[in-house]
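For the protein sequence lines, the chains are A and B, in the order given. Okay, so the first sequence: first residue is 0 according to numbering that gives the first Met the number 0, each after it adds one. Okay, so the second sequence: first residue is 0 according to numbering that gives the first Met the number 0, each after it adds one. Just so you know, even glycine gets a beta-carbon here, dropped at the ideal spot from N, CA and C. These numbers were taken from a predicted model, which means no experiment stands behind them. Read through the structure below, which is laid out as structure tokens, and then see the notes.
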Amino acid sequence: MSAIPEKRLIPDRLGTSATRLFGSWEALLFAVAVLIFIANSLASPYFLNAWNLSDATFNFTEKAMVAFAMALLIISGEIDLSVAAIIALASTAMGAAAQAGIGTPGLVAIGIGVGVGCGVVNGILVAGLRLPSIVVTIGTMSLFRGIAYIVLGDKAYGGYPASFAYFGQGYVFWVFSFEFVLFAVLAIVFAVLLHATNFGRRVYAIGNNEFAARFSGIRVERIKFTLFLLTGLMSGIAAVCLTSRLGSTRPSIAQGWELEIVTMVVLGGVSILGGAGTIGGVVIAAFVMGLVTFGLGLLNVPGIVMSIFIGLLLIVTITLPVIIRQFRHRKPA
Amino acid sequence: MTSPADFLPGIFSLPVYLMNQITLPEPMSETPLLEMRGISKSFPGVKALNDVNIALFPGRVTALIGENGAGKSTLVKILTGIYESDEGEVQVDGKPVVFANAQDAIDFGVTAIHQETVLFDELSVAENIFLGHAPKTRLGMVDWKAVNARALALLHSLESNIDPRVRLKDLSIAQRHLVAIARALSVDARIVIMDEPTAALSRKEVDDLFQIVKRLKAQGKAILFISHKFDEVYEIADHYAVFRDGKAVGSGALAGVGQDEIVKLMVGRSIEHAFPKVDIPLGETVLSVENYTHPTEFRDISFALRKGEIFGIYGLVGAGRSEICQSLFGVTKPSGGTLQLDGNEIVIGSPSDAIKAGIVYVPEERGRHGAVLQLPIYQNISLPSLTRTSRSGFLRAAEEFALARKYAERFDLRAAALSVPVGTLSGGNQQKVVIGKWLATQPKILILDEPTKGIDIGSKAAVHAFISELAGEGLSIIMVSSELPEVLGMSDRVLVMREGLSAGIFERSHLNAEILVRAATGNA
């Protein structure tokens, strides 16, 4: 060819990081969180109190820990509906162990171990046998909780050692509970894992296009297995915190949490179809849900109304962008 | 059993040998069936069509030619009522009409056969053809007898013996294509738009399609034929219209107009159409494949690939070409045979094994297998090389951008930024990203599956140029292609496959189109 095309320099990115940030879902959600915070402080005189706010965090810390792992799983295009049942089974195992006189370190190891074990079961079924995760985890949800019911019947385990109470009731510093500090640390760990490592990049690639990911040499099954294991691990940790906070175990513990956790993840801007979302969004969504339930609690709103409110919040927040997009894309008249 | 002829109006009932002989008399002054005048259409930031005129005549095929982005698709969308034009007028039979929606266009007899028509695997052939406009009984229920009978009649008119009651998923790709055509014709169309109908077809299937086009011509339909392939345009079209950057830059009768002239109109400059293959001395054998066998797709395939060689694989669609490449890349497992890389026997169980061994694969379906369209360019390029761009598992964006920039500049990638999603790029630029992603892994063997499918002519030449350049640098290349000029122009040797078996390996010096087609179709 005679004419050599001039080299055009392609910029790395378009726009500044500030413009990208302000257009994001997370920014919108943050605005919602601020609004709810303001509304709460106007509605109740008890809201703006450091200790009350600290109490409020218990509404979401345990669920949020599981939600971080769930976010990665949903971004990869899978889901785990057995998380609440894993918490129940892990809690039951810890209760039985406590009855047998095992000390606090042993209880923690058992709780986390059961969580990891359940995650491995899910991982083998989904990644190993390539079964659809929604079906597999509906099955293991019944299985894990069913075992807890068989072991416990209508009884409850109590009698945990006094030192075990620290995980759910202890404070690290001033108003900051152990659970809240753990939540903050895990948020950072998961944010780094998803956004700053090769592993996280591969999770996004799998969630957007599993074929292309596989064709790019990514070991899809290995990553999915790891994600189920991580979700089991986080459920085990949540079980330790929750059991410690309540001081007892019933088979109905954490009933319905799987849906609240998925709600938190989706509200945080993670695409239920996979491929998109951030840990930052999930963190803000955790605060939004915690603030709403706590604010309504201060106003003596019954629990069932709260769940209606959370449901509405979810539907409104996921519909709004769709509606806005449709208005923008209308043909100019 | 009623004969299909009972349902066929007019010319449909003529025996095929008679239909093929019909040629319409050359009218003195033709009146167009459909005319578009002064059509303009803008999108935010682009003027997709700018004061375009085009006329379609009954019994004539008009070829619409232009590079990707020239405005062809926009025109098709205006003609089929998906977009409304900002300015200008459409006339049918000399009367101005408005296509406010897709149904309006159908009502005026306009139908389109798209590159990839959406069909439904689980429905029967007849259901696919009449979906949305099935004949009804008096009670308003679907008249299944009529649906099946009319589907049978339509398929017969296309000289096909597909049973309208079988499910679509049981048909071959070529048969599905026929069903798509039957679906387009089922609405009583007078104006047929064919949007790159041959993109996925092998030569034999293209010939069959052209028989159908000729029959449609004989029935007096006006046909708008969109294609990238000049040999096809010259074979089938009567008129041409060339678009460039949203403007109609030339049109008229095709007879007597040379290909150079059209290319010049199309690209606004003349480009060397010759394939840039340079002869380079071949090195020693890099990969030797011995009796490679797959349970269903191919059997006893053996060949040796040498350093710096471009090894073509030719055959009809379904001959097992892509499948052998995919098993070399570890996507599917072979059931027998051995593989030697640089003289050492290796087993490839997964794509990551293949990448480690230095074998990479540019798949045919770019959007499905080649790139993660939603992710940015730089993340696609770094995806298989993450271990090199990262430090102890942590991403380093600067390294990724540097890697991406290297290949973007080498291939003159056209993109607004390296952080835009690959899905926003044109087909040619997407292909550059996929090839760049693989070169970044520093492979020994590059497998290209239909490397220029759906790419416009300007980018095609660029892709060919760098394939040749890569071979010159010592990379060994396996190239699957359905395009004869590409196979003939680029390959050092060609393996022809037929129904999963090798039909021979031909040296460059003995190559011509006839030999390849004979070997591929089995017509000795």
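- Residue pairing by DSSP places Ala-111(B) opposite Ile-192(B) in a beta bridge.
- Any Cβ of chain B closer than 8 Å to the Cβ of Ser-215(A) would place that residue at the interface, and such an atom is present.
- When DSSP states are grouped into helix, strand and coil, Arg-305(B) belongs to the strand group.
- Counting only unbroken stretches of 3 or more residues, the beta strand (DSSP E) elements lying wholly within the region 63-129 of chain B are 86-91, 94-96, 109-112, in sequence order.
- Short of 8 Å from the beta carbon of Gly-110(A), and not among the five residues preceding or following it, lie these beta carbons of its own chain, in chain order: Ala-89, Ser-90, Ala-92, Met-93, Gly-235, Ile-236, Ala-238, Val-239, Thr-242.
- Taken in chain order, the members of the region 383-406 of chain B whose beta-carbon sits within less than 8 Å of a beta-carbon on chain A are Pro-383, Leu-385, Thr-386, Ser-389, Gly-392, Phe-393, Leu-394, Phe-400, Arg-404.
- Annotated as distal: Tyr-233(B) and Ile-64(B), with beta-carbon spacing of 8 Å or more.
- Remark: C-beta atoms of Thr-60(A) and Phe-182(A) approach each other more closely than 8 Å.
- If you draw a straight line from the Cα of Val-262(B) to the Cα of Gly-58(B), it is about 26 Å long.
- Here Phe-209(B) has Ile-235 as same chain residues with Cβ atoms under 6 Å from its own Cβ, once five neighbours each way along the sequence are excluded.
- Cα atoms of Gly-114(A) and Ile-78(A): separation of roughly 16 Å, rounded to the nearest angstrom.
- For Lys-135(B), the number of other beta carbons within 10 angstroms of its own is below 16, and it is reported as exposed.
- Our two residues, Thr-388(B) and Lys-443(B), have alpha carbons roughly 20 Å apart in a direct line.
- Cβ contact annotation for Glu-178(A) (same chain, cutoff 8 Å, sequence separation greater than five): Thr-56, Phe-57, Thr-60, Glu-61, Phe-166, Gly-167, Cys-240, Arg-244, in chain order.
- Here DSSP, grouped into helix, strand and coil, assigns Asp-448(B) to strand.
- Close partners of Gly-369(B) in chain A (Cβ separation under 8 Å): Ala-211, Phe-214.
- When rounded, the separation of the alpha-carbon atoms in Gly-317(B) and Leu-424(B) is 29 Å.
- With a threshold of 8 Å between beta carbons, Leu-88(A) makes no contact with chain B.
- Taking Leu-385(B) as reference, the option from Gly-335(B), Lys-436(B), Pro-196(B) with the minimal CA-CA separation is Lys-436(B).
- Close to chain B, meaning a Cβ-Cβ distance shorter than 8 Å, are the following residues of the region 263-277 of chain A: Gly-274, Ala-275.
- Cβ contact annotation for Gly-219(B) (same chain, cutoff 6 Å, sequence separation greater than five): Pro-57, Gly-58, in chain order.
- Under the DSSP assignment, Lys-431(B) falls in the alpha helix (DSSP H) whose first and last residues are 426-438.
- A direct Cα-Cα distance of roughly 18 Å separates Asn-121(A) from Ile-205(A).
- In this structure, Ala-403(B) is the residue among Val-186(B), Ala-403(B), Tyr-313(B), Leu-394(B) with its C-alpha nearest to the C-alpha of Pro-375(B).
- Contacts with chain B at 8 Å (Cβ-Cβ) do not include Pro-104(A).
- Interface criterion not met: the Cβ of Ile-222(B) is under 8 Å from no Cβ in chain A.
- Among the bridge pairs identified by DSSP, Thr-61(B) is matched with Leu-223(B), His-238(B).
- At a beta-carbon threshold of 9 Å, none of the residues of chain A lie near Val-262(B); the nearest stands roughly 13 Å away.
- With 16 or more other Cβ atoms from the protein chains shown falling within 10 Å of its own Cβ, Met-64(A) counts as buried.
- Under DSSP, the beta-bridge partners assigned to Ser-39(B) are Glu-86(B).
- Here Thr-103(A) carries a helix assignment [DSSP, helix/strand/coil].
- An exposed status is given to Trp-173(A), since fewer than 16 other beta-carbon atoms sit within 10 Å of its beta-carbon.
- Counting C-beta atoms within 10 angstroms of its own C-beta, Ile-222(B) has 16 or more neighbours from the protein chains shown and is therefore classed as buried.
- For Ala-204(A), the C-beta contacts it makes with chain B under 9 Å involve Val-371, Leu-374, Gln-378, Asn-379, Leu-382, in order along the chain.
- In the DSSP assignment, Thr-388(B) forms no beta bridge with any residue.
- Shown here for Gln-441(B): same chain residues with a beta carbon closer than 8 Å to its own, the five before and five after excluded, namely Gly-357 in chain order.
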